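K.L.:
Mind having a look at this structure? Questions to follow.
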Amino acid sequence: MGSVFVLGFLVCLVGAAHNDGKSGKFRNLSKDKAKLYWKGTDGKPHLNAVLEGDGGILSFQTYVGHSFFWGPYKSGEMRPLKRPGAKGVEFTISDEQMVYALIDDSSDPQLVKEHEEEIEFLEQYKKKTGRDWLANYPRPPPVLPMRKCSQIGQTYTVQLSPAASYWDCEGKAYSCQRKPHKVVVQCSSTVPCSWTIKNFLSEFEADWIVGYATPHMSRSGLMGGSEHMEDEQRTSESYRMNRDTSPIVDAIYRRAGEVLGIPEQVLTNERNAEPLDVLRYMDGQQYSPHYDWFVTGVPESRFVSFLMYLNTPPEGGHTSFPVGKNADGSEYVQVVAEKTKAMFFYDMLEDGNVDHYSLHAGTPVVKGPKWLATIWIWDAMQTGSVPVTKEELAMYENEAAKAEL
Numbered sequence: 000m001g002s003v004f005v006l007g008f009l010v011c012l013v014g015a016a017h018n019d020g021k022s023g024k025f026r027n028l029s030k031d032k033a034k035l036y037w038k039g040t041d042g043k044p045h046l047n048a049v050l051e052g053d054g055g056i057l058s059f060q061t062y063v064g065h066s067f068f069w070g071p072y073k074s075g076e077m078r079p080l081k082r083p084g085a086k087g088v089e090f091t092i093s094d095e096q097m098v099y100a101l102i103d104d105s106s107d108p109q110l111v112k113e114h115e116e117e118i119e120f121l122e123q124y125k126k127k128t129g130r131d132w133l134a135n136y137p138r139p140p141p142v143l144p145m146r147k148c149s150q151i152g153q154t155y156t157v158q159l160s161p162a163a164s165y166w167d168c169e170g171k172a173y174s175c176q177r178k179p180h181k182v183v184v185q186c187s188s189t190v191p192c193s194w195t196i197k198n199f200l201s202e203f204e205a206d207w208i209v210g211y212a213t214p215h216m217s218r219s220g221l222m223g224g225s226e227h228m229e230d231e232q233r234t235s236e237s238y239r240m241n242r243d244t245s246p247i248v249d250a251i252y253r254r255a256g257e258v259l260g261i262p263e264q265v266l267t268n269e270r271n272a273e274p275l276d277v278l279r280y281m282d283g284q285q286y287s288p289h290y291d292w293f294v295t296g297v298p299e300s301r302f303v304s305f306l307m308y309l310n311t312p313p314e315g316g317h318t319s320f321p322v323g324k325n326a327d328g329s330e331y332v333q334v335v336a337e338k339t340k341a342m343f344f345y346d347m348l349e350d351g352n353v354d355h356y357s358l359h360a361g362t363p364v365v366k367g368p369k370w371l372a373t374i375w376i377w378d379a380m381q382t383g384s385v386p387v388t389k390e391e392l393a394m395y396e397n398e399a400a401k402a403e404l
């Protein structure tokens, strides 16, 4: 199957109401690489993604009524491709359909059969749960534990270990790292399941990350299928920082693991946790509604998004969930950006599906800057690494329990 890496991606939203949103999967079952174009509201085609042949797949949020077409990869012409036996070259998003495949005479019969089996599964899952299956198919339930949020305002308290405690200066741990303390985690939304932690970072840690990242910042981008692209959907600058950059960063990863109930041993950049993604937004910049999860033809997926606010923007720059649910059932949940605060939400559901309600945005910064850092954690692994198992998690939990005695 074609290998594709995709960041959470979103088609242009001009003129579309958010309640018409529709998650779609787009698959290239032809032998050859192809370009996917969106027919924009200006009447012109806009390159949306490039997908490998033999099963290259991409998922993103689009809208009912939006039209697309598959175009040739090698030709510079932005036109519908012409191949023997080609089906599904031009299509319009409908409320009844979620998977849109390019099939032609070169398509592998086995891939076509698997595509048809997935369509049948999607129909049965929808009948059973009332939800669309948006994740890769097949996909088992997550291995990593989840903090269930049943009521907005509910809390739990975490006693941090010495290695996960705050840093207040740059130097030796015995002089710069505080004694262990507790943090309180509060449910901010049940749909999607999200939590906030005031003072997750120390003032020094927030300032240190900003200072370290500043000289390295460059334009953020998106992955549209198999190729990196810049897009007005995401207008920030960013820098990625490995866990082993500093004991300060290492302590933050450990702290996040203890809040999430995930052993820190698997939260390495080689296993389940991506490098710390540091972002800077200036006046007018934003990150339009998008998902952090994506479908790439493999079962591994982003599991939880852990966001840390490194400053309090003078105006704007909050995190919003356009289809999230408030306690009264109304839509649009917002988390205010405040220095040292953290929030996390789950990209996945307990049955292995990804969460439609995790659609989120970085609202426009009216007066900046806004600084943010994110850790994305995968289940059961990052692509190409060693998957974590229930047995491994149990072993680390036992080790931690013995260390506390």
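Under numbering that gives the first Met the number 0, the first residue of the sequence shown is numbered 0, with each subsequent residue one higher. Every residue gets a Cβ at the ideal spot worked out from N, C-alpha and C, and that includes glycine. As the structure is a computational prediction, the values presented were derived from the model and not from experiment.
(1) Excluding the five sequence neighbours on either side, which residues of its own chain have a C-beta within less than 8 Å of the C-beta of Glu-337, listed in chain order?
(2) Pull up the distance between the alpha-carbon of Ile-374 and that of Thr-154, whole angstroms please.
(3) Closer than 6 Å by C-beta to Glu-390: which residues in its own chain qualify, once you throw out the five before and the five after it? Chain order, please.
(4) At which residues does the beta strand (DSSP E) containing Asn-271 begin and terminate?
(5) Should Ser-66 and Ile-92 be called a contact, given that it needs their Cβ atoms to be closer than 9 Å?
(6) On the DSSP bridge assignment, give the partners of Phe-320 in chain order.
(7) Quick check on the burial criterion: 16 or more other C-beta atoms within 10 angstroms. Buried or exposed for Pro-191?
(8) Tell me Phe-68's beta-bridge partners as DSSP assigns them.
(9) For Tyr-345 and Pro-83, what's the separation of their Cα atoms in angstroms?
(10) Specify, as a first and last residue, the run of the alpha helix (DSSP H) that Thr-213 falls within.
(11) When you compare only the Cα positions, how much space is there between Cys-168 and Glu-204?
(12) Is the beta carbon of Gly-20 closer than 9 Å to that of Pro-321?
(13) Which whole-angstrom value describes the C-beta separation of Arg-146 and Leu-259, a residue pair presumed to lie in contact below a C-beta threshold of 8 Å?
(14) Give the secondary structure of Met-394 by DSSP, where H, G and I count as helix, E and B as strand, and everything else as coil.
(15) From His-484 to Gln-60, what does the alpha carbon distance come to, in whole angstroms?
(16) Do the region 316-335 and the region 266-276 make contact, defined as three or more Cβ pairs closer than 8 Å?
(17) Once you ignore the five residues that flank Arg-177 on each side, which residues in its own chain have a CB closer than 7 Å to its CB?
(18) So the candidates are Asp-249, Tyr-331, Ala-379, Gly-367; which of them puts its Cα closest to the Cα of Pro-313?
(19) Go through its chain and collect everything with a Cβ distance to Ser-235's Cβ below 7 Å, but skip five positions before and after it.
(20) DSSP three-state call for Asn-128: helix, strand or coil?
(21) Closer than 7 Å by C-beta to Ile-247: which residues in its own chain qualify, once you throw out the five before and the five after it? Chain order, please.
(22) Taking DSSP as the reference, what is the three-state secondary structure of Ser-225?
(23) Around the C-beta of Arg-78, are 16 or more other C-beta atoms found within 10 angstroms, so that it is buried, or is it exposed?
(24) So Ala-162 and Arg-253 are supposed to be a Cβ contact under 8 Å. How far apart are they, rounded?
(25) What does the alpha-carbon distance come out to for the pair Pro-144 and Lys-73?
(26) Span of the beta strand (DSSP E) holding Asn-20?
(27) Check this for me: beta carbons of Pro-139 and Gly-351, under 9 Å apart or not?
(28) Looking only at its own chain, which residues have a Cβ that is under 6 Å from the Cβ of Tyr-124, when we skip the five neighbours before and after it?
(29) DSSP three-state label for Tyr-345, please.
(30) Determine the contact status of Val-353 and Ser-187, defining contact as a CB-CB distance below 9 Å.
(31) Comparing C-alpha positions only, which one of Thr-244, Thr-189, Pro-288, Leu-200 sits nearest to Gly-328?
(32) By Cβ distance below 8 Å, which residues in the same chain neighbour Ala-393 in space, the five residues on each side in sequence not counted?
(33) On the DSSP letters alone, give me the boundaries of the beta strand (DSSP E) that Asp-378 sits inside.
(34) Going by DSSP, which residues form a beta bridge with Ala-100?
(35) Give the straight-line distance between the Cα atoms of Phe-293 and Tyr-173, rounded to the nearest whole angstrom.
(36) I think Tyr-36 touches Leu-46, with their Cβ atoms under 8 Å apart; what is that distance to the nearest whole Å?
P.N.:
Checking against the coordinates, here is how it stands:
(1) Lys-197, Tyr-308, Thr-311
(2) 22 Å
(3) none
(4) Looking at the DSSP string, Asn-271 is not in any beta strand (DSSP E), and its letter there is neither H nor E.
(5) yes
(6) Phe-320 pairs with Val-332.
(7) buried
(8) Tyr-36, Glu-89
(9) 43 Å
(10) Unbroken run through Thr-213: none, as it is neither H nor E.
(11) 8 Å
(12) yes
(13) 7 Å
(14) Reduced to three states, the DSSP call for Met-394 is helix.
(15) Any question about residue 484 goes unanswered here, given that the chain covers just 0 to 404.
(16) Verdict: no, contact absent.
(17) Ser-164, Tyr-165, Asp-167
(18) Comparing Cα positions, the closest option is Gly-367.
(19) Ser-219, Leu-278, Arg-279, Tyr-280, Gln-284, Tyr-286
(20) The sequence as given places Thr at residue 128; Asn does not occur at that position. Three-state result, Thr-128: helix.
(21) Trp-166, Glu-204, Trp-207
(22) Bear in mind that the predicted position of Ser-225 carries a pLDDT of just 45, short of 50, making it too unreliable to give a figure here.
(23) exposed
(24) The Cβ separation is near 5 Å, so the contact holds.
(25) 45 Å
(26) First, the residue type needs correcting, since residue 20 is Gly and not Asn in the sequence shown. That run of the beta strand (DSSP E) goes 20-27.
(27) yes
(28) Trp-132
(29) Correct three-state label for Tyr-345: strand.
(30) no
(31) Ranking Thr-244, Thr-189, Pro-288, Leu-200 by Cα distance to Gly-328 puts Thr-189 first.
(32) None.
(33) 369-378
(34) Note: Ala-100 sits in a beta bridge opposite Arg-26.
(35) 42 Å
(36) 6 Å
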